[in-house]
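First residue of the sequence shown? That's 12 in the working numbering, and the numbers climb one at a time after it.
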Amino acid sequence: MVQAVEAHRLVDIPQPGRASHLRHPALDIAAPPGRTTPGRRNALIPLRQPTSVLAGSSLLLALFCPAVVSAGSCPAVPDWKTFVSEMVSPDGRVIDWGTPDQRSTSEGQAYALLMALIASDRSAFDRILQWTENNLAHGDLRSRLPAWHWGRAQDGDWRVIDPNPASDADLWLAYTLIEASRFWKEPRYLELGRSLARLVLEKETQVMPRFGRILLPAPKGFVEPNGSVRVNPSYVPPQILRRLADLFPEDGWEELLDSSMRILLARPNGLQSDWLIIDPQGRPRLEDERGRIGSYAAIRVYLWAGMLSPDAPEGITLRRHLARAVPRLLRKDGILKAHDAVTSQARETLPTGLTATLLPLIRSLRLDTDLARLCLTLGNDPSVLVDGYYTRTLAWLSLAWMHGAFRFGTDGRLILSWSQDP
């Protein structure tokens, strides 16, 4: 079973021919400057734009330890304060600067909420939560799932652009709130998380032949007229479903976990696609050539699987299955490409920083040579890990896991380096 880890523990990152014992500093958790604006809506708050990591040596040193990079081991966890100051408004809105409408998404809010908990930054946690509830859920997460897309509308106003929720964000929000209630002894978090979890089951699941209850990507838009359902394999982190099944055994989460594992194991070669169709007879299939592509969404499957507890039954099964995909995913030049989940043919090149999503899986599979090579690729150009909102959040979570800031227990519970709570 995974045990809680100390903030300054020695972390062993294998390299070819030897082991490298590296110390990593505790995460910097100070809250960003600026006032909180509870309940403020439809306002764009001035925020420092993201800067190049190469713009100054001080920022470079804050993000990466030169000793780690020169040793060919994995980069340090990117600075949490820098993420907050560059990506989160003072009142808690996570901004995707790379989009024309400077959007915020429920996914981004959920990831940042988890990051704030891992960093033990309750001030940022509460601001992110409050903005999410006020602006994406009409002020009430107990009765409404959050809208997935908020940003600048064509008329110049700032508001919800698409009210349809996103079930992966809803699961991460529910899970993080429930776990935060345990670490920070806050009953309100548990109440909110429990309510969100119930809403997911009520509004974002559907029973299918041979599968049972499955997770829909959203309440609307993913059930075809003929009864087929489109699902996203990256939306079902097994650790979340295991935790909810353990906490609320009467609610049906075990059934959802079982169906989700069948979705994740559907491809015989282990390669994941962004989307999968389940037909009316309950048979999984890939709809067309475009639907066979594994790209920005599919890479999260490998990340969540790599971070599963080594003793979790889901982790053992899933890692063994995904091990078949690693040789196809990891090129010798360290470049990550989208792929055809059927033919394994490489497609578009993905941002280099997203290669970090493979680190936990490669480490869990004990592929030491591949791990050392991948860490060296990432360390050679630190800027790749802060290239846009999506890369930045996934790389942060991956590296925080690699350096022992958090783990998942066999029952899916979150284990944090700063807490003695089991």
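All C-beta atoms in this analysis are idealised placements derived from N, C-alpha and C, irrespective of residue type, glycine included.
Nothing here was measured: the structure is a model prediction, and the numbers come from that model.
Where residue i sits in the DSSP three-state scheme
i       : result
Met-318 : coil
Ala-256 : helix
Ser-115 : strand
Pro-324 : helix
Glu-359 : strand
Leu-425 : strand
Ala-349 : strand
Phe-75  : Here the model assigns Phe-75 a pLDDT of 31, short of 50, so the residue's position is not dependable and the matter cannot be decided.
Pro-198 : helix
Val-13  : With a pLDDT of 32 at Val-13, under the threshold of 50, the modelled position of that residue is not reliable, and the figure given next carries that caveat. Val-13: coil per DSSP, three-state reduction.
Pro-433 : coil
Leu-410 : helix
Leu-378 : coil
Val-99  : strand
Leu-370 : helix
Arg-138 : helix
Ile-310 : helix
Arg-278 : coil
Pro-295 : strand
Gly-109 : coil
Gly-6   : Residue 6 falls outside the range modelled here, since the chain spans only 12 to 433, and no answer is possible.
Arg-339 : helix
Pro-25  : Low local confidence applies: a pLDDT of 29 at Pro-25 is under 50, so the model's placement there is unreliable, and no value is given.
Arg-104 : coil
His-35  : Residue confidence for His-35 is low, a pLDDT of 31 falling below 50, so the modelled location carries little weight; the figure read from the coordinates is stated next. Of the three classes helix, strand and coil, the one that applies to His-35 here is coil, per DSSP.
Cβ-based neighbour list, residue i, same chain, cut-off 7 angstroms, excluding 5 preceding and 5 following
i       : result
Asp-432 : Arg-193 and Phe-194
Gly-345 : Thr-366, Arg-384, Leu-385 and Thr-388
Ala-416 : Leu-38, Val-88, Ile-129 and Ser-428
Arg-163 : Asp-112, Gln-113 and Trp-169
Ser-270 : Phe-222, Gly-223, Arg-224 and Ile-225
Gly-150 : Glu-144
Glu-325 : Pro-249, Arg-253, Met-272 and Leu-319
Own chain partners of residue i with C-beta closer than 6 angstroms, once the 5 adjacent residues on each side are dropped
i       : result
Ile-373 : Asp-381 and Leu-382
Arg-303 : Ser-284, Leu-297, Asp-351, Ala-352 and Val-353
Gly-317 : Pro-371, Leu-372 and Ser-375
Glu-265 : Ala-256
Ala-121 : Ala-180, Trp-183 and Leu-184
Leu-203 : Leu-152 and Leu-188
Val-247 : Leu-226 and Ser-271
Leu-210 : Leu-156
Gly-364 : Val-395, Leu-396, Asp-398, Thr-402 and Ala-406
Asn-280 : Arg-335
Tyr-200 : Leu-188, Ala-191 and Ser-192
Gly-293 : Met-219, Pro-220, Arg-221 and Phe-222
Arg-278 : Ala-352
Rounded distance between the beta-carbons of residue j and residue i, thought under 8 angstroms
i       : j       : result
Gly-399 : Pro-362 : 7 angstroms
Leu-389 : Val-395 : 7 angstroms
Ser-96  : Val-105 : Actually they do not touch by this definition, with Cβ atoms about 12 angstroms apart.
Leu-147 : Leu-207 : No, Leu-147 and Leu-207 are not in contact; Cβ-Cβ is about 12 angstroms, not under 8 angstroms.
Asn-237 : Pro-291 : 6 angstroms
Arg-311 : Ser-245 : 4 angstroms
Pro-295 : Met-272 : Rounded, the Cβ-Cβ distance is 12 angstroms, inconsistent with contact.
Asn-175 : Lys-214 : Contact doesn't hold; Cβ gap of about 11 angstroms is too wide.
Arg-138 : Gly-167 : That belief does not hold up - the Cβ atoms of Arg-138 and Gly-167 are roughly 25 angstroms apart, past 8 angstroms.
Ile-274 : Met-219 : With 8 angstroms as the limit, Ile-274 and Met-219 do not qualify as a contact, their Cβ atoms being about 10 angstroms apart.
Check whether residue i and residue j have beta carbons under 9 angstroms apart
i       : j       : result
Asp-262 : Leu-252 : no
Tyr-313 : Leu-287 : no
Ala-336 : Leu-405 : no
Leu-140 : Leu-212 : no
Ala-127 : Ala-177 : no
Trp-142 : Trp-407 : no
Ala-185 : Trp-159 : no
Trp-183 : Glu-118 : yes
Leu-369 : Leu-340 : yes
Ser-430 : Arg-358 : no
Leu-319 : Leu-276 : no
Thr-187 : Leu-124 : yes
Glu-190 : Arg-424 : yes
Trp-412 : Arg-418 : yes
Same chain, Cβ closer than 8 angstroms to residue i, neighbours up to 5 away in sequence not counted
i       : result
Gln-217 : Arg-224, Ile-225, Leu-227, Val-234 and Val-240
Gln-356 : His-350
Gly-109 : Gly-399 and Tyr-400
Test: residue i CB closer than 9 angstroms to a CB of chain C
i       : result
Leu-267 : Absent from the structure: chain C. Only one protein chain is present.
**OP:** Let me know the alpha helix (DSSP H) ranges lying completely inside the segment 205–272, each 4 residues or longer, listed in chain order.
**Re:** 249–258
**OP:** With a floor of 3 residues, list each beta strand (DSSP E) that falls wholly inside the segment 143–172, ordered by position along the chain.
**Re:** 160–163
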